[in-house]
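Undergrad: Quick one: structure below, then a few questions.
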Amino acid sequence: MEERNYPLYLYAAERMLPRMAEQDPKYIEVENEITTTRIGYEGETRSDQMIRRACLPRHSRVLHDLTIRVFGEDPVQIDTLVITKHFAFIIEVKNISGTLELERHPALLKRTAKDGKVSYFQSPFVQLNMAIDTVAYWLLAQNIEIPVKGAVFLASKYAEPHFEPGMPIHFIREIPDLFRNELKNHPPAIDEAAVEWIASALRYQEEPYDHFPLVQHFNHTQDNLHTEPLCTECLGRLETHTKRMGTCMKCELRQWIPYTETLVDYFLIYCKKASLTECSNFINLGRSKTAELLKSPLFLRHGKTNNTVFELNRPNIRISREGKLIVPGDEKVK
Ligand SMILES: [Zn+2]
Numbered sequence: 047m048e049e050r051n052y053p054l055y056l057y058a059a060e061r062m063l064p065r066m067a068e069q070d071p072k073y074i075e076v077e078n079e080i081t082t083t084r085i086g087y088e089g090e091t092r093s094d095q096m097i098r099r100a101c102l103p104r105h106s107r108v109l110h111d112l113t114i115r116v117f118g119e120d121p122v123q124i125d126t127l128v129i130t131k132h133f134a135f136i137i138e139v140k141n142i143s144g145t146l147e148l149e150r151h152p153a154l155l156k157r158t159a160k161d162g163k164v165s166y167f168q169s170p171f172v173q174l175n176m177a178i179d180t181v182a183y184w185l186l187a188q189n190i191e192i193p194v195k196g197a198v199f200l201a202s203k204y205a206e207p208h209f210e211p212g213m214p215i216h217f218i219r220e221i222p223d224l225f226r227n228e229l230k231n232h233p234p235a236i237d238e239a240a241v242e243w244i245a246s247a248l249r250y251q252e253e254p255y256d257h258f259p260l261v262q263h264f265n266h267t268q269d270n271l272h273t274e275p276l277c278t279e280c281l282g283r284l285e286t287h288t289k290r291m292g293t294c295m296k297c298e299l300r301q302w303i304p305y306t307e308t309l310v311d312y313f314l315i316y317c318k319k320a321s322l323t324e325c326s327n328f329i330n331l332g333r334s335k336t337a338e339l340l341k342s343p344l345f346l347r348h349g350k351t352n353n354t355v356f357e358l359n360r361p362n363i364r365i366s367r368e369g370k371l372i373v374p375g376d377e378k379v380k
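According to the working numbering, the residues represented by the sequence shown are 47 to 380, in order.
What follows is the structure, given as structure tokens:
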């Protein structure tokens, strides 16, 4: 099973927010995105635990956050795809509490919260059926015949679904049981090598939708964003006294200036590519020290000595479960 990564989009948005003024017209939008993405991520993490408990047959593969493209169609996002010798199974997790009902024409999910507040969400079944069709079509195009199934799973204990009987919706704690039944009902249809082939071919065809830089994604003007380094503890902005040390304006922690994190922010939030001069200006550090930092495996360089351009080396960017950048080696500039 692939380890689910802390979403880079969530990490970047969490670091964009402290750089915005509360009166910023986009502040609420970014804040809402953070809440929704975090709730979704938590639900998916809980469903991962249940999949582990399901004791799937060896050689099964679990793919997360997959984008599938079928010629001539819009790409389809899939939270979790389980591939076994018996079937492929799509898991669509919804972390929504309250009373849940389906509305038709147009298909929407209606949620009534405890306090009576009503909100509407996209129907998870529309999303699920599209995902099932896309995976089935993709497999058919590769001449692979296995059943493609799927269901919506509710992550919140406080969800009260009121759906017509027979709808493919369950609580995530039902995942182990459900898989046990599906495995019993479907004899193996392909071999281990085919499972492996499907998993890598699906990863290979991906070109995930790119959210970065966030100013573009949120259509933000960026000139009123704060550029200071952020506190390693609380994400408050740092007041810098020297080129080495700073003090958090929120929690007052004195700390080494987290230059690498700030450079990564630059590429995630402000611009995809930048010259050495632009990077050095952004982090307010001399060119040679900045060039030293840019040698980290987190960055890529292109072009000849005189017009080198830098960008993030995305496959090397890893975020810990606590939402912190994992900096390879020693990040302190001494
Ligand atoms: Zn702080």
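Note that the Cβ used here is the ideal one computed from N, Cα and C, for glycine as well. If you're wondering where the values come from, they're calculated on a predicted model, not measured in any experiment.
Where do the N-terminal and C-terminal ends of the alpha helix (DSSP H) with residue 261 fall, by residue?
TA: Unbroken alpha helix (DSSP H) run through residue 261: 260–263.
Undergrad: Measuring only the C-alpha atoms, how far is residue 345 from residue 76?
TA: Looking at the two C-alpha atoms, the distance is approximately 26 Å.
Undergrad: Keeping to the same chain, check which residues put their C-beta closer than 7 Å to that of residue 225; ignore five residues upstream and five downstream.
TA: Only 100 and 102 meet the Cβ criterion.
Undergrad: How close, in whole Å, do the beta carbons of residue 114 and residue 158 come, if the pair is a contact with beta carbons under 8 Å?
TA: The pair is not a contact, with the Cβ atoms about 33 Å apart (cut-off 8 Å).
Undergrad: Exposed or buried, residue 131, counting other C-beta atoms within 10 Å across all chains shown (16 or more means buried)?
TA: Classification for residue 131: buried.
Undergrad: Below 7 Å, is the gap between the Cβ of residue 282 and the nearest heavy atom of ligand 1?
TA: Residue 282 Cβ: within cutoff of ligand 1.
Undergrad: Residue 110 bridges to which residues according to DSSP?
TA: Residue 110 is bridged to 126.
Undergrad: Is the beta carbon of residue 279 within less than 7 Å of some heavy atom of ligand 1?
TA: At least one heavy atom of ligand 1 is nearer than 7 Å to the Cβ of residue 279, so yes.
Undergrad: For the beta strand (DSSP E) that residue 139 lies in, which residues bound it at each end?
TA: Residue 139 -> beta strand (DSSP E) spans 134–140.
Undergrad: Give a yes or no on whether the C-beta atoms belonging to residue 91 and residue 55 are separated by under 8 Å.
TA: Cβ atoms of residue 91 and residue 55: not closer than 8 Å.
Undergrad: On the DSSP bridge assignment, give the partners of residue 166 in chain order.
TA: Answer is 156.
Undergrad: Mind checking who residue 356 pairs with in its DSSP beta bridge?
TA: Answer is 320 and 347.
Undergrad: Quick one: using the 10 Å Cβ neighbour count with 16 as the cut-off for buried, is residue 72 buried or exposed?
TA: Counting Cβ neighbours within 10 Å, residue 72 comes out buried, since at least 16 surround it.
Undergrad: I'd like the list of long-range same chain contacts for residue 354, defined as Cβ closer than 8 Å, with 5 residues on each side in sequence excluded.
TA: These residues qualify, in order along the chain: 321, 322, 347 and 348.
Undergrad: Residue 360: which of 191, 53, 283 and 268 sits nearest, CA to CA?
TA: With distances taken between Cα atoms, residue 360 lies closest to 53.
Undergrad: In its own chain, which residues sit with a C-beta less than 8 Å from the C-beta of residue 259, not counting the 5 before and 5 after it?
TA: Only 313, 314, 315, 316, 317 and 318 meet the Cβ criterion.
Undergrad: Classify residue 167: buried if its beta carbon has 16 or more other beta carbons within 10 angstroms, exposed otherwise.
TA: Residue 167 comes out exposed.
Undergrad: Relative to the C-alpha of residue 280, which residue among 195, 368 and 264 is closest?
TA: The residue with the shortest Cα to Cα distance from residue 280 is 368.
Undergrad: Can you tell me which of the three DSSP states residue 294 falls into?
TA: Here residue 294 sits in strand by DSSP.
Undergrad: If we call anything under 8 Å between Cβ atoms a contact, is residue 85 one with residue 60?
TA: Contact flag unset, no.
Undergrad: Let me check understanding here. Comparing Cα to Cα, which of 108, 106, 208 and 227 lies closest to residue 147?
TA: Per the Cα distances, 208.
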